[in-house]
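*Asks:* I have a structure here, written as structure tokens, and I will follow up with some questions on it.
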Amino acid sequence: MYVLDSSVLIELLNEGPQAVSIRHAIGEELLVTTSISAHEVLCGAASDKHVFLLENLFSSILVLGHDEHSAKIGAVFDRQLTRAGAKINTPDLLIAGICKVNNAELVTLDQDFAKIKGLKATILGKRNA
């Protein structure tokens, strides 16, 4: 199962330059995201119309939620990165925890996810958070 983060969702929705490589990477897989990524994308919506369209999108795909188990895993990742001097932002840690708990591979444009040992991730492009 591939989980699309907000960077990938936005790129696909905007038909950005990486959209073709993203579609190639995910193939015919079921579209899945996290509640964290859904929140990020909804917060960036430009208008009420975009919010409405995004809400319809998120109601039609699988959205994995953040729970106690994923919180614990995200905290483990945070401690590992802190010790290594390689901190990343909290939403990314929450997304990583959700992916790990669900044994899912993250598809992202965000290079920060490469810092997380033990996370299955396909990192496309060269976007830094």
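Each residue of the sequence shown is one higher than the one before, counting from 1048 in my numbering. Beta carbons are placed, not taken as given, at the ideal position from N, Cα and C, and that holds for glycine. Here the structure is a predicted model, which is why all the values come from computation and not from measurement.
Leaving out five residues before and five after Glu1076 in sequence, what residues of the same chain have Cβ atoms less than 6 Å from its Cβ?
*Replies:* Translated into the one-based positions of the sequence shown, residue 1076 becomes position 29. Answer for Glu1076: Tyr1049, listed in chain order.
*Asks:* Which parts of the segment 1112 to 1141 are runs of the alpha helix (DSSP H), unbroken and 4 residues or longer, counting only runs that do not cross its ends?
*Replies:* Whole alpha helix (DSSP H) segments, 4+ residues: 1115 to 1131.
*Asks:* Would DSSP call Leu1153 helix, strand or coil?
*Replies:* Translated into the one-based positions of the sequence shown, residue 1153 becomes position 106. DSSP places Leu1153 in strand when its eight states are reduced to three.
*Asks:* Would you say Pro1116 and Val1079 are within 7 Å of each other, going by their C-beta atoms?
*Replies:* Here residue 1116 refers to the residue found at position 69 when the sequence shown is read from its first residue. Here residue 1079 refers to the residue found at position 32 when the sequence shown is read from its first residue. A quick correction: the sequence has His, not Pro, at residue 1116. No, the Cβ-Cβ distance between His1116 and Val1079 is not below 7 Å.
*Asks:* Compare the Cα-Cα distances from Gly1144 to each of His1097, Thr1169, Thr1081 and report the closest residue.
*Replies:* Along the sequence shown, read from residue 1 onward, the residue named residue 1144 stands at position 97. Of the candidates His1097, Thr1169, Thr1081, the one whose C-alpha sits nearest the C-alpha of Gly1144 is Thr1081.
*Asks:* Ignore the nearest five residues each way along the sequence and tell me which others in Ala1039's own chain have a CB closer than 6 Å to its CB.
*Replies:* Residue numbering for the chain in the displayed model covers 1048 to 1176; residue 1039 lies beyond these limits and cannot be assessed.
*Asks:* Use the C-beta contact count for Val1055: other C-beta atoms within 10 angstroms, 16 or more gives buried, fewer gives exposed.
*Replies:* Here residue 1055 is taken as the residue at index 8 of the sequence shown, counted from 1. Buried, since its Cβ has 16 or more Cβ neighbours within 10 Å.
*Asks:* Using only alpha-carbon positions, find the residue among Asn1136, Gly1063, Arg1126, Ala1085 that is nearest to Leu1100.
*Replies:* Position 53 of the sequence shown, counted from the first residue, corresponds to residue 1100. When each option's Cα is compared against that of Leu1100, the closest is Ala1085.
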